[in-house]
Amino acid sequence: MGSKVEVRTENAPTPVARFSQGVRKGNLLQVAGQVAFHPETGEVVGTTVAEQTAQAMRNVIAVLEAGGASLADVVMLRVYLTDTAHFGEMNDAYGEFMTEGPFSARTTVYVGLPAGLLVESDALPVVD
Numbered sequence: 047m048g049s050k051v052e053v054r055t056e057n058a059p060t061p062v063a064r065f066s067q068g069v070r071k072g073n074l075l076q077v078a079g080q081v082a083f084h085p086e087t088g089e090v091v092g093t094t095v096a097e098q099t100a101q102a103m104r105n106v107i108a109v110l111e112a113g114g115a116s117l118a119d120v121v122m123l124r125v126y127l128t129d130t131a132h133f134g135e136m137n138d139a140y141g142e143f144m145t146e147g148p149f150s151a152r153t154t155v156y157v158g159l160p161a162g163l164l165v166e167s168d169a170l171p172v173v174d
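Taking our numbering, the leading residue of the sequence shown gets 47, the next gets one more, and so forth.
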């Protein structure tokens, strides 16, 4: 299955703790949870769930691409929200990125996130 390899890109935020943006082993790539931080400034992008969902997805896509994958390779995507009332707005913004099927499986979980953050997403693609 090969060695575990860190996936890193300047097109996604640098982690503030000791973890990788992504890790690939063989044909599996795990993208770490991505929030709405701008990759260059580290600032939160947007105050709405839609804006933050879009930035989190852009960050996920950047790590996918750095690992040799795309959204088409994702078999599982998880979304973490801070409020159940945000589901519809998140779902609409998420749908802007999911344009061709078959679509990945998805789980939405409600959690606490640091102040100002409303959404986080991670992804698990399988790359041929």
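A virtual CB, placed ideally from N, CA and C, is assigned to each residue, including glycine.
Residue i, DSSP secondary structure in three states
{"i": "residue 97", "result": "helix"}
{"i": "residue 86", "result": "coil"}
{"i": "residue 115", "result": "coil"}
{"i": "residue 110", "result": "helix"}
Reference residue i; option with closest CA among the options
{"i": "residue 85", "options": "67, 136, 144 and 94", "result": "67"}
{"i": "residue 172", "options": "110, 162 and 137", "result": "110"}
{"i": "residue 78", "options": "96, 95, 91 and 58", "result": "58"}
{"i": "residue 56", "options": "148, 83, 49 and 70", "result": "83"}
{"i": "residue 154", "options": "161, 146 and 169", "result": "169"}
{"i": "residue 112", "options": "75, 152 and 161", "result": "75"}
{"i": "residue 185", "options": "133, 65 and 69", "result": "Outside the shown range of the chain, which is 47 to 174, sits residue 185, and nothing can be said about it."}
{"i": "residue 65", "options": "72, 71, 73 and 52", "result": "52"}
{"i": "residue 72", "options": "152, 60, 114 and 140", "result": "114"}
{"i": "residue 174", "options": "145, 93, 119 and 87", "result": "119"}
For residue i, the first and last residue of its enclosing beta strand (DSSP E)
{"i": "residue 165", "result": "165–171"}
Whole-number beta carbon distance between residue j and residue i, since they are thought to touch under 8 Å
{"i": "residue 124", "j": "residue 167", "result": "7 Å"}
{"i": "residue 143", "j": "residue 159", "result": "Residue 143 to residue 159, Cβ: 20 Å. No contact."}
{"i": "residue 106", "j": "residue 150", "result": "Rounded, the Cβ-Cβ distance is 11 Å, inconsistent with contact."}
{"i": "residue 98", "j": "residue 91", "result": "7 Å"}
{"i": "residue 164", "j": "residue 95", "result": "5 Å"}
{"i": "residue 157", "j": "residue 128", "result": "7 Å"}
#### Entry: Continuous beta strand (DSSP E) assignments of at least 3 residues falling wholly in the stretch 121–156
DSSP runs (the beta strand (DSSP E)) wholly in the stretch 121–156: 151–156.
### Task
Go through the stretch 54–83 residue by residue and report every complete run of the beta strand (DSSP E) that reaches 3 residues or more, in order.
For the stretch 54–83, whole beta strand (DSSP E) runs of length 3 or above, ordered along the chain, are 68–71 and 74–80.
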